[in-house]
DNA sequence: TTGTATGCGTTATCAG
DNA sequence: CTGATAACGCATACAA
């Protein structure tokens, strides 16, 4: 049978109002009353009725999500879609979920943070894309006692309520394990990191580390080359650099791209009809998927981007609305995708 | 702003009761009233408040789940766990979820079906493990107008409200694509199907078909051998059969097990120190995972068993409680698992 | 065929 | 500090 507030009120010989004040520690309750109520709660085992609570609630909770503008970086479309899904799903609850996009630049990030703080949220979800600024922001939030969750990028020094994302180091190892499976003896590997000037991300480096260190524990260790390219350079420069590198190192049979820009390498190789290389990259951007279906990209590592956005919201909701304690880290699976299984990816997330 | 029943009642110049009767088509409503209400609903856009509805509801919905006894077939532990998760999550709603286990035999299945029908459920979820009996059961349910969902095994002839599970044929292709990646020229493949006497499942055969047909579309086609074993036979018989087969066909480098019994092949190969074969199988049973971590099994194809159970319930709940229309087929991703990513599998499902 | 009143469990307000 | 009571939006029983 269901225990209601009035049930424990009767048992404790006080009124429902007092029980409510005790349970939610609002207003003052005398010691005598508190003790009696505590006893009654323990004996009867009260569980609040979420439905009734939500119906009676006056003010609504506010959750703010800060994320890089999907218009600027395509990757963020999917977490964004996940957030939208959560918004729809939670629409019958009294929660207001507000999204703030920021351009992937330090000052835009800072502005967004300030804006979020002004909005007086009950919980904040953000992507700690800039290390130091994120730390600063976290300190402010802690001072204001606003709980916050990190998604996608690991940054435990800011001690968020929870982190939800992939273990980048191990993701690199997974990529390496697939290279090892496919490569023959003496074949070599090239790691191409295409990044913006002065803007390399720690999780990309972790993916490289994991990849490299995987082979250090193997019996036979293929030669691993590195080639760093800058996003701002012209395509033709990349084409030349890559072509030269590959012709100097004829044994390279696999190219590892530790961020979502595999499509860019794929485009070069496709143009030059250099078709015998294996490409392995990250993230299911449309462009990546397209090249995978054409057979240019062989493997993509997926990180369930949509589900990350979705679950960040749901976690925060459960934490502040239902007062559940949530896990400090929520590691997303490291998904191996190829031409054959890509069509089913993130199936039930729609 | 939120539109309530009284809002549209006022607009339509009738009482809330009439609106309620119209919306839920209970009781009679005059044509004039119906039209006015319809117009008001269209203009204002009414969305029922799930919370308030649930609070006011008298009787609770009943959902029954029929699934093979996890005690008899280990595989079913995970869908079962998923069902439990859904039960917990929906506990604040007025739904009663009842599980019925059956031993994996025809008469036990039939008994369970009868029992389910007697229980007068509002929705039934079951595993159509026996083809003809499932068809019969489906016909009864249709006659009784009880909606039902199939999980894990595809059986569209019974025309369930929805099917949730993997595309077995494509899963076979995924397995094949990984073999192709790993195999060198001239290396051969062995398919071992370990089944019970007179009890082969169509989805296992589909996994074999998909596997075989994948290679038919490739340039170079490895030789594929077949070896069928019966579960009831002694281990030693299997050991001998396999040993003989492998010594007769020295070029076999990969063994494909189209059901969850890869551990059984792994155990044989481990014992005989036959360590250079690649094993690829299905499902993350503890035994399979164990052998994968030891390096005996190389690849497992996962089908998110827990999430299947969980989502079956949630889907049914949404269908009958929130009256959502749900997709006829819900294909689960075809997950590629190896030693490196297995620890993160089904991460957020806990 | 229609309108109205009561209750679901909680929150929030207000008078004691 | 405490108790009583009116919402919240909907379902349901009953009266008209």
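Protein chains in written order, with full-length UniProt numbering: chain R, 1 to 350; chain H, 1 to 350.
Cβ coordinates follow ideal geometry from the N, Cα and C atoms, glycine included.
Source: prediction; values computed, not measured.
With which residues is residue 331 (chain R) paired in a DSSP beta bridge? DSSP output for residue 331 (chain R) lists R:165 as bridge partner(s).
Cβ neighbour criterion (16 or more within 10 Å) applied to residue 232 (chain H): When all chains shown are included, residue 232 (chain H) counts as exposed.
Anyone know if the C-beta pair for residue 104 (chain R) and residue 138 (chain R) falls short of 8 Å? Not closer than 8 Å, so no.
List the whole-angstrom C-beta distance separating residue 225 (chain R) from residue 191 (chain R), where the pair is believed to meet the contact cut-off of C-beta under 8 Å. That pair is a contact at about 7 Å.
Residue 272 (chain H) - DSSP class collapsed to helix/strand/coil: Residue 272 (chain H): coil per DSSP, three-state reduction.
For residue 174 (chain R) and chain H, any beta-carbon pair shorter than 8 Å? True, the Cβ-Cβ gap to chain H drops below 8 Å.
Distance, residue 345 (chain H) Cα to residue 188 (chain R) Cα: For residue 188 (chain R) and residue 345 (chain H), the distance between alpha carbons rounds to 30 Å.
If you compare alpha carbons, which of R:129, R:162, R:223 and R:283 is closest to residue 327 (chain R)? Looking at the Cα atoms, R:162 is the closest of the given residues.
Taking only three categories from DSSP, how would you classify residue 234 (chain H)? Coil, per DSSP.
Are residue 82 (chain R) and residue 309 (chain R) touching if we call contact CB-CB under 8 Å? It is a contact, given that the beta carbons lie within the stated cut-off.
Taking 8 Å as the CB-CB limit, is residue 188 (chain R) close to chain H? Closer than 8 Å: no.
Can you grab the Cα-Cα spacing for the pair residue 179 (chain R) / residue 178 (chain H), in whole Å? Rounded to the nearest angstrom, the two C-alpha atoms are 12 Å apart.
I'd like to confirm the pairing. Which residues does DSSP put opposite residue 141 (chain H) in its beta bridges? Answer by DSSP bridge pairing: none, since residue 141 (chain H) is not bridged.
At a CB distance below 7 Å, what residues from the UniProt domain "HTH lacI-type" (3-57) of chain H approach chain R? Give them in sequence order. Going along the UniProt domain "HTH lacI-type" (3-57) of chain H in chain order, one finds 49, 50, 51, 52, 54 and 55 with a Cβ nearer than 7 Å to chain R.
What residues in the region 319-345 of chain R have a beta carbon less than 9 Å from any beta carbon of chain H? Within the region 319-345 of chain R, the qualifying residues are 327, 330, 331, 332, 333, 334, 335, 336, 337, 338, 339, 340, 341, 343, 344 and 345.
Stretch pair the region 50-67 of chain R + the region 92-102 of chain R: three plus CB contacts closer than 8 Å: Touching, per the Cβ criterion.
Tell me whether the region 230-246 of chain H and the region 142-158 of chain H touch, counting them as touching only if at least three CB pairs, one residue from each stretch, are closer than 8 Å. By the Cβ rule, the region 230-246 of chain H does not count as touching the region 142-158 of chain H, because fewer than three pairs are nearer than 8 Å.
Given residue 314 (chain R), which residues of its chain have a CB within under 7 Å of its CB, disregarding the five upstream and five downstream residues? Annotation for residue 314 (chain R): 86 place their beta carbon closer than 7 Å to its own, counting only its chain and skipping 5 residues before and after.
Going by the DSSP bridge assignment, what does residue 98 (chain R) pair with across the sheet? According to DSSP, residue 98 (chain R) shares a beta bridge with R:64.
So, for residue 289 (chain R): in the same chain, excluding its five sequence neighbours on each side, which residues have a beta-carbon less than 8 Å away from its beta-carbon? If you ignore the 5 residues before and after residue 289 (chain R), its C-beta comes within less than 8 Å of the C-beta of 300 and 342, all in its own chain and listed in chain order.
Measure the CB-CB distance between residue 333 (chain H) and residue 347 (chain R) and report whether it falls below 8 Å. Cβ distance < 8 Å, so residue 333 (chain H) and residue 347 (chain R) count as in contact.
Of all Cβ atoms in chain R, is any one closer than 8 Å to the Cβ of residue 307 (chain H)? Interface residue, yes.
Report, in whole angstroms, the separation of the C-beta atoms of residue 128 (chain R) and residue 134 (chain R), which I expect to be a contact under 8 Å. Contact flag correct, Cβ pair sits at about 4 Å.
Are the region 203-218 of chain R and the region 246-254 of chain R in contact at 8 Å, needing three or more beta carbon pairs? Taking 8 Å as the limit for Cβ pairs, the verdict is that the region 246-254 of chain R does not touch the region 203-218 of chain R.
Can you look up residue 363 (chain H) in the DSSP assignment and give me helix, strand or coil? Only positions 1 to 350 of chain H appear in the structure, and residue 363 (chain H) is not among them; the question remains open.
Identify which residue in R:107, R:280, R:54 and R:293 has its Cα closest to the Cα of residue 91 (chain R). Out of R:107, R:280, R:54 and R:293, R:54 has the C-alpha closest to the C-alpha of residue 91 (chain R).
Nearest-angstrom Cα distance between residue 200 (chain R) and residue 60 (chain R)? In this structure, the straight-line span from the alpha carbon of residue 200 (chain R) to that of residue 60 (chain R) is close to 39 Å.
Consider the Cβ of residue 295 (chain H): report whether some Cβ of chain R lies at a distance smaller than 8 Å. Taking Cβ atoms only, chain R never reaches closer than 8 Å to residue 295 (chain H), which makes this a no.
Would you kindly check if the distance between the Cβ of residue 93 (chain R) and the Cβ of residue 321 (chain R) is under 8 Å? In this structure, residue 93 (chain R) lies closer than 8 Å to residue 321 (chain R) by Cβ.
Would you verify that the beta carbon of residue 286 (chain H) is, or is not, closer than 8 Å to some beta carbon of chain R? By the rule that beta-carbons nearer than 8 Å mark a contact, residue 286 (chain H) does not touch chain R.
Among residues of its own chain, excluding the 5 on either side of residue 70 (chain R), which ones have a beta-carbon nearer than 6 Å to its beta-carbon? Only 76, 77 and 80 meet the Cβ criterion.
Mind pulling the beta strand (DSSP E) runs of 3 or more residues that sit fully within the region 29-87 of chain H? For the region 29-87 of chain H, whole beta strand (DSSP E) runs of length 3 or above, ordered along the chain, are 61-68.
Return the bridge partner residues of residue 256 (chain R) from the DSSP annotation. Paired residue(s): R:191 and R:280.
Contact between the region 167-174 of chain H and the region 233-240 of chain H (3+ Cβ pairs under 8 Å): No, they do not touch.
If I measure Cβ to Cβ from residue 113 (chain H) and keep anything under 6 Å in the same chain, skipping five residues before and after, which residues do I get? Hits under 6 Å: 137.
Between the Cα of residue 259 (chain R) and the Cα atoms of R:56, R:207 and R:58, which residue gives the shortest distance? The shortest Cα separation from residue 259 (chain R) among R:56, R:207 and R:58 belongs to R:207.
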